[in-house]
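The following block contains the structure:
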């Protein structure tokens, strides 16, 4: 077989394209003489018109009408065939393939031969591809190759077709034709084809077409089957079709031992095998055990080790890793636990940044991760990510439901700190109120490190921007001239602003999404601005009503204080005293519960570590015990099996209430409502799955 040069073929092919578009007879080569030309066809005039069309096109003009005339008057002739090739090429270039197909089907002589006829058939096939008729196009292109007189001619036609398909953006079809003549090409031609095909596989062929292309070429076993299989294996890996991925990789190793990608393929296959090797008795834990947040990580680890104690007797082990509070480190620890320790699942991390980084890596490696974190959108990162913690949405929904549905409140004020915890709860609570028909009538924020709240509370009730109050201007106009001394006027004004300028308390309840230390400072500031809290004490209510009616001469408006889990510390009662009595907050951890397992945990933890456990320790204990329960019950032998078991598990009754995961991996928990009293936090009821159930009251400190 004669040696050919692909680059030269490309140059010739492009030349043919240009020539066929302008229909220069010297470029086209000899045509078969027409046997039955149309009676009204003036071939001499048609030839001159073709030359004219050529000149018009060279000058950038529009020769469409002239070419149409030749095609119409001289179908089946040499001139008509040339004009048809040029016209259909112009239409295809202009994006009017439907018109090109229509005119070819009506005017083309299917038995015609020569370069122009071949070009017309090519344009017809390309336009069918553009119109989505791939089967018809493939058949027509195959027929063109099959009609070649010898092997060398077939290769040339296949090369022309491949380049034409590439030029018009039909890359999967182009790859097929490059593959069809690859074996007969010279080394230079093979290098050119290889570069072009690998380029197509890497960036030009949609993922949806790769499988179809592989299926059409795999039987040949030649180029580019190995490259295509490797690319498809990577696609399968990223789309979680792991069995198919491993099968392809193993196939490359067996069929192409000398393939250029064989080293990468073997490494990829080994990583896949290590990744899916699972020890059902190994459970990973990632916590901040060094650095700024070490104290929290150690508290949770103590609780987890308590929950895992029964596992050790059954041969199970906790494989503990330190995130150091660093996102990159957390992701590396996930990789280590999967590839080196082969854990069946991972519990943790705690912090938002580390939880997100670990979750992304865990999802990539398809290992269940049960985070104890409030990080926004964690379970949304993938199907293997779970969260066992209270989110802003869970807390806000429970509190808003109780305030609107149980207490009947419609209007709310919000006083929140300008930090993530406060802003997150504020937004979530406001959103929930909207869905329930509630209304926020006053909202103010304060810096996270604030210790005095006079200005913020004044703004909340309309006592800060006094020049916006008509009462202020009436007092000023009526009294300013009475006081000659500036000092006396200032004292009179201050007295009016404190006692005469009535606070605008146009809300039934005030939500303060902050921690107990700050709340205890806000309580007295509210009282100073005449925001009286509802303590559910009839005697105190009567005294207050008498005071406002007989002394201050204005009606009484009692306000209920509302809070979230940041309030759940008995020191709130000591610090806030009567200013917070009657307030209601929501949490999942009730240390005063009469549940035996809660009291046993508190006693055991206190004895072992010489400190009283709080909510984070309780969540750590519950998370580990929840996973332990699922493993013991379902005995999963793969990470996927454990993931499915977590989704399908029955409600788990733990220290922090009943818990189950929804299909998205978010914990659905039963929560407790607490009322602040002088004797402690009174449990007033429990909410479970959105339904409120009355509970026996239980005080305690």
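Residue numbers (my numbering): 1076 to 1776. Beta carbons: idealized from backbone N, C-alpha and C, even for Gly. Just so we're clear, the structure is a prediction, and the values are computed from it rather than from any experiment.
Taking the alpha-carbon of residue 1177 as reference, which of 1422, 1198 and 1193 has the nearest alpha-carbon?
If you compare the alpha carbons of 1422, 1198 and 1193 with that of residue 1177, the shortest gap goes to 1198.
If I measure Cβ to Cβ from residue 1713 and keep anything under 7 Å in the same chain, skipping five residues before and after, which residues do I get?
1353
Is it buried or exposed for residue 1036, if we count other Cβ within 10 angstroms and need 16 for buried?
As shown, the chain starts at 1076 and ends at 1776. That puts residue 1036 outside it, with no answer to give.
By the DSSP assignment, the alpha helix (DSSP H) with residue 1488 in it spans what residues?
Per DSSP, residue 1488 belongs to no alpha helix (DSSP H); it is in the beta strand (DSSP E), 1486 to 1492.
Quick check on the burial criterion: 16 or more other C-beta atoms within 10 angstroms. Buried or exposed for residue 1589?
buried
When we look at the beta-carbon of residue 1507 and count the other beta-carbons within 10 Å, is it buried (16 or more) or exposed?
buried
Alpha helix (DSSP H) runs wholly inside the region 1210 to 1257, at least 4 long, in chain order:
Within the region 1210 to 1257, the complete alpha helix (DSSP H) runs of at least 4 residues are 1226 to 1242 and 1246 to 1255.
Going by DSSP, what residues sit across from residue 1518 in a beta bridge?
1489
Please classify residue 1540 as buried or exposed, where buried requires at least 16 neighbouring CB atoms within 10 angstroms.
exposed
On the criterion of 16 or more Cβ atoms from any shown chain inside 10 Å, does residue 1674 qualify as buried, or is it exposed?
exposed
So what does DSSP say about residue 1819, is it helix, strand or coil?
As displayed, the chain neither begins before 1076 nor continues past 1776, which places residue 1819 out of reach and without an answer.
Spell out a yes or no on whether the region 1371 to 1381 and the region 1682 to 1702 are touching, meaning 3 or more CB-CB pairs, one atom from each, closer than 8 Å.
yes
Thinking C-beta only, is residue 1299 closer than 8 Å to residue 1220?
No.
Report the CB separation of residue 1473 from residue 1661 in whole angstroms; it is logged as a contact under 8 Å.
5 Å
Helix, strand or coil at residue 1352 according to DSSP, with G and I counted as helix:
coil
DSSP state of residue 1187, grouped into three classes?
coil
What does the alpha-carbon distance come out to for the pair residue 1748 and residue 1483?
The alpha-carbon separation between residue 1748 and residue 1483 amounts to approximately 16 Å.
Please report the Cβ distance between residue 1538 and residue 1490, rounded to the nearest whole angstrom; I am assuming they are in contact, meaning their Cβ atoms lie under 8 Å.
Contact between residue 1538 and residue 1490 is ruled out by a C-beta separation of about 14 Å, above the 8 Å threshold.
Spatially closest choice to residue 1582 from 1543, 1758 and 1517, by CA coordinates
1517
Pair within 8 Å by beta-carbon distance, residue 1578 and residue 1608
no
Pick from 1498, 1493 and 1513 that is closest to residue 1477, judged by C-alpha positions:
1513
Is the closest heavy atom of the ligand FMN to the C-beta of residue 1599 under 7 Å?
The ligand content of the structure shown is nil, which means the ligand FMN is not present either.
To which residues does DSSP link residue 1733 through a beta bridge?
DSSP output for residue 1733 lists 1728 as bridge partner(s).
Just how far apart, CA to CA, sit residue 1690 and residue 1594?
19 Å
Which two residues bound the contiguous beta strand (DSSP E) that contains residue 1462?
It spans 1460 to 1462 - the beta strand (DSSP E) in which residue 1462 sits, taken as one unbroken run.
Since I believe residue 1257 is in contact with residue 1273 (beta carbons under 8 Å), could you give me their beta-carbon distance rounded to a whole number of angstroms?
The Cβ separation is near 13 Å, so there is no contact.
Proximity winner among 1458, 1650 and 1433, relative to residue 1448 (alpha-carbon distances):
1433
Could you work out which residue in 1247, 1216, 1245 and 1244 is closest to residue 1233 when comparing CA atoms only?
1216
Are three or more beta carbon pairs between the region 1441 to 1455 and the region 1700 to 1719 nearer than 8 Å?
Per the Cβ contact rule, the region 1441 to 1455 is in contact with the region 1700 to 1719 (3 or more Cβ pairs under 8 Å).
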